[in-house]
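Asker: Residue numbers (the numbering used here): 46 to 419. Note that the Cβ used here is the ideal one computed from N, Cα and C, for glycine as well. Pasting in a structure now, in structure tokens, and then I'll have a few things to ask.
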């Protein structure tokens, strides 16, 4: 069968490539054409547009690149009509993909969505488009089933790709001494710093994390560098602070750490799956104004995936003007020194992992997709 994929960012390229690999097992005659990236291209088929040419974020950037965005839509529409796939598989990236879903519906092309847009957090009105244009939704968080049920739209929970990726992560048997030696660290107990991947969030969060780190001289704080940012950028933000940086070793760093300071996002889930106690931080511009506006922007009680999955506070969330050197230090001290507090968090992690289920997310999705198409 013929599968047309659209993945508009790096994470979508990763998840779509895994799904393509599993589809080939279920459907040996599978053919692929796609908007995606290098990982998808490695699985075969035809890359029509790289996600690097689609990543336009922010109002001004979008306005400046409207002609390119329109050209991407026209290319996707023309290729869909010319190739006539058995199914269009959309991967997250809602601004582009929901419009393509409408186009596919208008031309009687079956459409599956793999990894739901986060419309449960904001822009919930988009659920109307999902119901109208998406034939099957394959979700990766258990709470999404309940969210869509409120709108009388059944979905298929297939598990979470983070669980899959961590199950096959490299260097799982590496010792603390080997990790320390390989990265020329001091040998003190480690605390991981995961400050996000975008420049603005790193600028906002990392100084708070490192100022808190100065209050714990008995530990060595190590920063997990994002592949998208050069070391020179981090050194500018650190302003002379002697914080070691490791790149492409986030899982290895977490595995050897006693605790972690984590910017809200998928990293909170990764940290919890690896059973590392954490403090969740989120800080953007506008301070108190952003915090006061949160109830109007976000439609969810928590912003960390750990708490959302279990539907109660497992990890403390420090948001906006509540994310200070004092609050981060206080919470970190609790998870390091208060045994019962730490164990309560780890017990919450156990519950979260049970709700997520076993590895095999992409395999389950591929099997169901092929069965539905047949």
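Hey, residue 315 and residue 207 are a contact pair by Cβ (cut 8 Å); roughly how many whole angstroms apart?
Answerer: Residue 315 to residue 207, Cβ: 6 Å. Contact.
Asker: Please list the terminal residues of the continuous alpha helix (DSSP H) segment that includes residue 223.
Answerer: Taken as a continuous stretch (DSSP letters only), the alpha helix (DSSP H) holding residue 223 covers 221-227.
Asker: Using alpha carbons as the reference points, say which of 374, 381, 295 lies closest to residue 259.
Answerer: Among 374, 381, 295, the Cα nearest to that of residue 259 belongs to 374.
Asker: In chain order, what are the residue ranges of uninterrupted beta strand (DSSP E) at least 3 long that sit wholly in the stretch 87-173?
Answerer: Whole beta strand (DSSP E) segments, 3+ residues: 91-95, 132-136, 156-159.
Asker: Beta-carbon within less than 7 Å of residue 168's beta-carbon, same chain only, minus the 5 sequence neighbours each way: which residues are those?
Answerer: Contacts found: none.
Asker: For a test of the three-state rule: what should DSSP assign to residue 43, helix, strand or coil?
Answerer: The first residue shown for the chain is 46 and the last is 419, placing residue 43 beyond what the model contains.
Asker: What number of angstroms, rounded off, separates the C-alpha of residue 152 from the C-alpha of residue 304?
Answerer: Distance between the alpha carbons of residue 152 and residue 304: 52 Å.
Asker: Please report the Cβ distance between residue 51 and residue 121, rounded to the nearest whole angstrom; I am assuming they are in contact, meaning their Cβ atoms lie under 8 Å.
Answerer: With 8 Å as the limit, residue 51 and residue 121 qualify as a contact, their Cβ atoms being about 7 Å apart.
Asker: Looking only at C-alpha atoms, which of 268, 60, 394 sits nearest to residue 184?
Answerer: Among 268, 60, 394, the Cα nearest to that of residue 184 is on 60.
Asker: CB-CB under 6 Å to residue 176, same chain, minus the five flanking residues each way: which ones, in chain order?
Answerer: Here the set comprises 198.
Asker: Given residue 63, which residues of its chain have a CB within under 6 Å of its CB, disregarding the five upstream and five downstream residues?
Answerer: Once the five neighbours on either side are set aside, the close Cβ partners of residue 63 are 407.
Asker: Please report the residue range of the alpha helix (DSSP H) in which residue 278 lies.
Answerer: Here the alpha helix (DSSP H) through residue 278 covers 276-283.
Asker: Going by alpha carbons, who is nearest to residue 256 out of 295, 150, 370, 311?
Answerer: Per the Cα distances, 370.
Asker: Write down every uninterrupted run of the beta strand (DSSP E) in the stretch 328-413 whose length is 3 residues or greater and which is fully enclosed by it, in chain order.
Answerer: Entirely contained in the stretch 328-413, the beta strand (DSSP E) runs reaching 3 residues are, in chain order, 362-364.
Asker: Where does residue 47 fall in DSSP's three states?
Answerer: Three-state DSSP puts residue 47 in a strand.
Asker: Among 218, 365, 265, 220, whose alpha-carbon lies nearest the alpha-carbon of residue 329?
Answerer: The option with the nearest alpha carbon to residue 329 is 365.
Asker: Based on Cα-Cα distance, which residue from 131, 266, 65 lies nearest to residue 239?
Answerer: Cα-wise, what sits closest to residue 239 is 266.
Asker: Determine the closest residue to residue 405 out of 56, 281, 394, 204, with distance taken between C-alpha atoms.
Answerer: It is 204.
Asker: Give the secondary structure of residue 230 by DSSP, where H, G and I count as helix, E and B as strand, and everything else as coil.
Answerer: If DSSP states are grouped into helix, strand and coil, residue 230 belongs with coil.
Asker: Would you please state the rounded distance, in angstroms, between the beta carbons of residue 400 and residue 187? I believe it to be under 8 Å.
Answerer: Residue 400 to residue 187, Cβ: 5 Å. Contact.
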